[in-house]
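Participant: What follows is a structure written as structure tokens; I'll ask about it next.
Residue numbers (the working numbering): 7 to 343.
Rendered as structure tokens:
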């Protein structure tokens with residue numbers, strides 16, 4: 007059932023000792039999962055992380071006093087404390103590594119949803135693009151998106167755990183800077199659609215060069231191709247254009263029309279404040295779009311956001327038919343993003 011977290015399902019999917027005290031709830035609707043003790047509310051699940059500056063295990067008594075029903079703790083702490091009993095009606099989820107436990111809890115919960123999940127990656131502009139995509143889709147759907155820049159090995163699982171029963175589409179930002187991180191995030195989120203903004207000189211400390219960045223980021227495209235998903239491909243970026251070669255489920259966009267592109271921007275203009283406007287073109291359909299963002303680069307990212315809400319079927323331009331976007335938003339007079 008969508009939005010229902012089962013502690014029993016979690017225990018089947020991940021090595022965990024469930025230590026409950028009394029009639030603790032094992033089915034949680036629209037769970038509140040937090041890693042900050044200050045954010046605990048009644049019924050919450052608190053995940054105690056051992057960090058460089060603080061240790062969440064120091065706050066176990068506090069979070070139970072605030073009303074948390076479950077505390078995920080590490081086995082080493084639990085045993086060092088003499089395997090303490092939780093307050094009546096509460097319980098411990100005892101795991102080897104609480105980071106891995108948080109991630110698996112999110113993966114189990116995500117599988118209760120059959121909604122489109124759009125992954126947003128790339129070197130630059132992820133957060134702005136995520137917000138534009140969510141704004142367009144939000145005109146017709148209940149959309150959940152990553153908050154702020156919660157896009158890493160902790161932020162993505164927390165985003166997934168914030169999905170609600172009424173969520174219809176999720177937009178999940180994914181940030182990486184080490185080899186293997188994209189594969190981890192994809193395994194947690196299981197996206198159905200994906201967009202990479204660009205490939206740039208970010209995170210070279212661990213990914214070494216542009217080839218390394220492209221190899222890691224474009225794992226998103228390869229995942230979607232393998233799982234029957236849809237890729238949004240920025241053909242202005244040479245690395246992404248190369249990586250997208252041979253993809254069967256793709257929507258292409260950019261500022262240059264090569265005759266095969268799904269949509270493109272033309273007649274870009276910048277006003278005195280630096281805000282950009284352009285004409286969105288897809289086949290025979292076109293409309294003028296004005297952005298509330300500064301910088302021409304945002305026009306390219308806005309193309310993908312706009313294409314998430316294509317025209318009504320009878321107006322649908324032919325290039326878009328080969329690779330459908332998420333369930334279309336009903337056509338409205340959208341002139342800005």
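Idealized CB from N, CA, C, for every residue including glycine.
Just so you know, these numbers come straight off a predicted model, no measurement behind them.
How would you label residue 273, buried or exposed, when you count the other beta carbons within 10 angstroms and need 16 or more for buried?
Facilitator: Taking the first residue of the chain shown as position 1, residue 273 is located at position 267. Exposed is the call here.
Participant: Residues in its own chain within less than 7 Å of residue 100 by CB, not counting five upstream and five downstream?
Facilitator: Position 94 of the chain shown holds residue 100. For residue 100, where only same-chain residues beyond five positions count, the Cβ hits under 7 Å are 22, 23, 25, 79, 81, 84.
Participant: By a C-beta neighbour count over all protein chains shown, 10 Å radius and 16 as the cutoff for buried, is residue 37 buried or exposed?
Facilitator: As a working mapping, residue 37 is identified with position 31 in the chain shown. The residue is buried, with at least 16 neighbouring Cβ atoms inside 10 Å.
Participant: Do you know whose CA, among 13, 27, 35, 17, lies nearest residue 172's CA?
Facilitator: In the chain shown, counting from the first residue as 1, residue 172 sits at position 166. It is 35.
Participant: Tell me whether the segment 190 to 204 and the segment 219 to 227 touch, counting them as touching only if at least three CB pairs, one residue from each stretch, are closer than 8 Å.
Facilitator: Yes, they touch.
Participant: Take the Cβ of residue 244 as the centre, count every other Cβ of all protein chains shown within 10 Å, and call the residue buried at 16 or more, exposed below.
Facilitator: Walking along the chain shown from the start, residue 244 turns up at place 238. With fewer than 16 Cβ atoms within 10 Å of its Cβ, residue 244 is classed as exposed.
Participant: Considering only the alpha carbon of each residue, which of 191, 240, 158, 265 lies closest to residue 135?
Facilitator: Counting from 1 along the chain shown, the entry for residue 135 is found at position 129. Here the closest residue by C-alpha is 240.
Participant: Taking only the alpha-carbon atoms, compute the straight-line gap between residue 151 and residue 221 and give it to the nearest angstrom.
Facilitator: Here residue 151 is taken as the residue at index 145 of the chain shown, counted from 1. Here residue 221 is taken as the residue at index 215 of the chain shown, counted from 1. Distance between the alpha carbons of residue 151 and residue 221 is about 25 Å.
Participant: In its own chain, which residues sit with a C-beta less than 6 Å from the C-beta of residue 43, not counting the 5 before and 5 after it?
Facilitator: Taking the chain shown and counting its residues from 1, one reaches residue 43 at position 37. Once the five neighbours on either side are set aside, the close Cβ partners of residue 43 are 65, 68, 69.
Participant: Starting from residue 285, follow the beta strand (DSSP E) in both directions and report where the run begins and ends.
Facilitator: Numbered from its first residue, the chain shown carries residue 285 at position 279. Element bounds for residue 285: 281 to 288.
Participant: Drop a sphere of 10 angstroms on the beta-carbon of residue 4, count the other beta-carbons inside from all chains shown, and report buried for 16 or more, exposed for fewer.
Facilitator: Past the edges of the chain, shown from 7 to 343, lies residue 4, and the structure says nothing about it.
Participant: Specify the secondary structure class of residue 62 as computed by DSSP and reduced to three states.
Facilitator: Mapped onto the chain shown, residue 62 falls at position 56. Three-state result, residue 62: helix.
Participant: Is the number of C-beta pairs between the segment 180 to 200 and the segment 118 to 136 that are closer than 8 Å three or more?
Facilitator: Touching, per the Cβ criterion.
Participant: Taking all protein chains shown into account, do 16 or more other C-beta atoms lie within 10 angstroms of the C-beta of residue 307, making it buried, or fewer, making it exposed?
Facilitator: For the purposes of this step, residue 307 is taken as residue 301 along the chain shown, with counting starting at 1. Residue 307 is buried by the Cβ-count criterion.
Participant: Between 113, 153, 117, which lies nearest to residue 132 when the distance is taken from Cα to Cα?
Facilitator: Residue numbering aside, residue 132 sits at position 126 when the chain shown is read from its first letter. Nearest of 113, 153, 117 to residue 132, Cα basis: 153.
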